[in-house]
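Novice: So that we are looking at the same thing, I have put the structure below in structure tokens.
Here you go:
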């Protein structure tokens, strides 16, 4: 792959750029963004070699789309209109069903591979890009059968070169599962942050008492609202379902507290400790 184009060159796109350049030093990396200052910063950081526009996509071997999911839904058909017959387009969106549906009848649907790399931090923008972000991380690929085999292989070679593991899933299942393990985590962090901020208005010393437990739990509340609001909107039904279950668990915990039933609270926490085995298995 000689010419790789990044539409969106923040944490996700920029980290891809760093690792791709490391493993494929002869590639030419092109950046596309609606913000010129983003491209200037990406050039300064050497994340990309050149600025580009959508009209340049006809020269692309690979296009990596890492913009908010609502923007991906709107722009993806146009991207497929602009590319050549042998160009591969991949996205990195945290929702998959709406994105896949946006191009399900496109004449170049076979050129698109729907992906979700399970990697990231709470930071955003070109300065957030880091080397090795994807090493050992899982990349969920949806509707793989709709992408031409030759382009599938091209993508898999690249993903494996930068250290990613591959998992296949249908788009509907992806969105349901990711609502539990990612989207709910972000909502919890945002609402914990809100709760403490509201309390801090009356108790100025509260943050002096905040330890590493609070910091690690609320870390995700520093994530970009511009990225996460569209994710919640696209995955609304699944997110609401997870919230209902989460709220029920919180209500049950509150009732146990009101009843002074601390033996049951102990049992609930001890049973939940099983998650350590699950997370160790993932690692």
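Residue numbers (UniProt numbering): 1 to 283. Backbone N, C-alpha and C define an ideal beta-carbon position, used for all residues, glycine too.
At 3 residues or longer, what runs of the beta strand (DSSP E) sit wholly inside the segment 184 to 259?
Specialist: You should have found no qualifying run.
Novice: Using the Cα positions of residue 98 and residue 270, report the straight-line distance between them to the nearest angstrom.
Specialist: As a working mapping, residue 98 is identified with position 98 in the chain shown. As a working mapping, residue 270 is identified with position 270 in the chain shown. Going by the C-alpha atoms only, they are around 39 Å apart.
Novice: Within its chain, find whatever has a CB closer than 8 Å to the CB of residue 156; leave out the 5 residues flanking it on each side and keep chain order.
Specialist: For the purposes of this step, residue 156 is taken as residue 156 along the chain shown, with counting starting at 1. Closer than 8 Å at the Cβ level, and outside the excluded window around residue 156, lie 166.
Novice: Tell me which same chain residues have a C-beta within less than 6 Å of the C-beta of residue 232, skipping the five on either side of it?
Specialist: By one-based count along the chain shown, residue 232 stands at place 232. These residues qualify, in order along the chain: 239.
Novice: Evaluate residue 226 with the Cβ neighbour count: other Cβ atoms within 10 Å of its Cβ, from every protein chain shown; 16 or more gives buried, anything less gives exposed.
Specialist: Along the chain shown, read from residue 1 onward, the residue named residue 226 stands at position 226. When all chains shown are included, residue 226 counts as exposed.
Novice: Leaving out five residues on either side along the sequence, give the residues of the same chain with a beta carbon under 8 Å from the beta carbon of residue 10.
Specialist: Here residue 10 refers to the residue found at position 10 when the chain shown is read from its first residue. Within the same chain, residue 10 has close Cβ partners 38, 66, 124, 125, 126, 128, 129.
Novice: Can you tell me the Cα-Cα spacing of residue 150 and residue 263, whole angstroms?
Specialist: The sequence position of residue 150 within the chain shown is 150, counting from 1. The sequence position of residue 263 within the chain shown is 263, counting from 1. Rounded to whole angstroms, residue 150 to residue 263 spans 59 Å at the Cα level.
Novice: Output the distance between the C-alpha atoms of residue 248 and residue 90, rounded to the nearest integer angstrom.
Specialist: Sequence index remark: in the chain shown, residue 248 carries index 248 (1-based). Sequence index remark: in the chain shown, residue 90 carries index 90 (1-based). If you take the alpha carbons of residue 248 and residue 90, they lie about 38 Å apart.
Novice: Excluding the 5 residues preceding and the 5 following residue 230 in the sequence, name in chain order all residues of the same chain whose CB lies nearer than 7 Å to its CB.
Specialist: Working through the chain shown from its first residue, we reach residue 230 at position 230. Closer than 7 Å at the Cβ level, and outside the excluded window around residue 230, lie 68, 69, 70.
Novice: Determine the extent of the alpha helix (DSSP H) in which residue 70 is found, giving its start and end residues.
Specialist: Taking the first residue of the chain shown as position 1, residue 70 is located at position 70. Counting along the chain, the alpha helix (DSSP H) containing residue 70 begins and ends at 69 to 82.
Novice: Out of 35, 187, 133, point me to the one whose CA is closest to residue 223's CA.
Specialist: Your numbering for residue 223 matches position 223 in the chain shown. Ranking the options by Cα distance to residue 223, first place goes to 187.
Novice: In angstroms, rounded to a whole number, what distance separates the CA positions of residue 120 and residue 266?
Specialist: Indexing the chain shown from 1 puts residue 120 at position 120. Indexing the chain shown from 1 puts residue 266 at position 266. Answer to the nearest angstrom: the Cα atoms are 33 Å apart.
Novice: Is the segment 245 to 261 touching the segment 98 to 116 in the sense that three or more CB pairs, one from each, lie closer than 8 Å?
Specialist: No: the two stretches stay apart, fewer than three of their Cβ pairs being nearer than 8 Å.
Novice: Count the other CB atoms, across all protein chains shown, that sit within 10 Å of the CB of residue 213; report buried if there are 16 or more and exposed otherwise.
Specialist: For the purposes of this step, residue 213 is taken as the residue at position 213 of the chain shown. Looking at its Cβ environment, which holds fewer than 16 other Cβ atoms inside 10 Å, residue 213 is exposed.
Novice: Determine the contact status of residue 54 and residue 35, defining contact as a CB-CB distance below 7 Å.
Specialist: Translated into the one-based positions of the chain shown, residue 54 becomes position 54. Translated into the one-based positions of the chain shown, residue 35 becomes position 35. No, Cβ-Cβ distance for residue 54 and residue 35 is not below 7 Å.
Novice: With DSSP collapsed to three states, give me the class of residue 20.
Specialist: As a first step, residue 20 must be located in the chain shown, where it is residue number 20. Here residue 20 sits in helix by DSSP.
Novice: Cα-Cα, which of 235, 184, 198, 199 is closest to residue 172?
Specialist: In the chain shown, residue 172 corresponds to position 172, counting from 1. Measuring from the Cα of residue 172, the nearest candidate turns out to be 235.
Novice: How long is the line joining the alpha carbons of residue 200 and residue 194, rounded to whole angstroms?
Specialist: Counting from one through the chain shown, the residue named residue 200 turns up at place 200. Counting from one through the chain shown, the residue named residue 194 turns up at place 194. Cα-Cα distance, rounded: 10 Å.
Novice: Below 7 Å between beta carbons: does that hold for residue 62 and residue 17?
Specialist: Numbered from 1 along the chain shown, position 62 holds the residue referred to as residue 62. Numbered from 1 along the chain shown, position 17 holds the residue referred to as residue 17. No, they are not a contact pair.
Novice: Give me the Cβ distance between residue 92 and residue 64, rounded to the nearest whole Å; I'm assuming they're in contact under 8 Å.
Specialist: Stepping through the chain shown from its first residue, residue 92 is reached at position 92. Stepping through the chain shown from its first residue, residue 64 is reached at position 64. Sure, about 7 Å apart at Cβ, within 8 Å.
Novice: What are the boundary residues of the alpha helix (DSSP H) that residue 172 is part of?
Specialist: For the purposes of this step, residue 172 is taken as residue 172 along the chain shown, with counting starting at 1. It spans 171 to 178 - the alpha helix (DSSP H) in which residue 172 sits, taken as one unbroken run.
Novice: With H, G and I counted as helix, E and B as strand and the rest as coil, what does DSSP make of residue 108?
Specialist: Within the chain shown, residue 108 is the residue found at index 108, counting from 1. The answer is coil: DSSP assigns residue 108 none of H, G, I, E or B.
Novice: Using 10 angstroms around the beta-carbon of residue 84, count the other beta-carbons present and answer buried if the total reaches 16, otherwise exposed.
Specialist: As a working note, residue 84 is residue 84 in the chain shown. Its Cβ having fewer than 16 others within 10 Å, residue 84 is exposed.
Novice: Taking the C-alpha atoms as reference points, what is the distance between residue 179 and residue 242?
Specialist: Start at 1 with the first residue of the chain shown, and residue 179 comes out as number 179. Start at 1 with the first residue of the chain shown, and residue 242 comes out as number 242. About 7 Å.
Novice: Contact defined as beta carbons within less than 8 Å: I believe residue 137 pairs with residue 164. What is the distance between those atoms, to the nearest angstrom?
Specialist: One-based indexing of the chain shown puts residue 137 at position 137. One-based indexing of the chain shown puts residue 164 at position 164. Indeed, because the Cβ distance is near 6 Å, the residues count as touching under 8 Å.
Novice: Return the chain-ordered list of same chain residues with a C-beta closer than 6 Å to the C-beta of residue 28, the five sequence neighbours on each side being excluded.
Specialist: As a working note, residue 28 is residue 28 in the chain shown. Hits under 6 Å: 3, 49.
Novice: Helix, strand or coil for residue 25? Go by DSSP, reduced to three states.
Specialist: By one-based count along the chain shown, residue 25 stands at place 25. If DSSP states are grouped into helix, strand and coil, residue 25 belongs with coil.
Novice: With C-beta atoms as the reference, is residue 100 less than 7 Å away from residue 143?
Specialist: Translated into positions along the chain shown, residue 100 becomes position 100. Translated into positions along the chain shown, residue 143 becomes position 143. Cβ atoms of residue 100 and residue 143: closer than 7 Å.
Novice: Could you give the residue range of the beta strand (DSSP E) that holds residue 88?
Specialist: Here residue 88 is taken as the residue at index 88 of the chain shown, counted from 1. That run of the beta strand (DSSP E) goes 88 to 91.
Novice: Once DSSP output is grouped into helix, strand and coil, what is the label at residue 2?
Specialist: The sequence position of residue 2 within the chain shown is 2, counting from 1. Reduced to three states, the DSSP call for residue 2 is coil.
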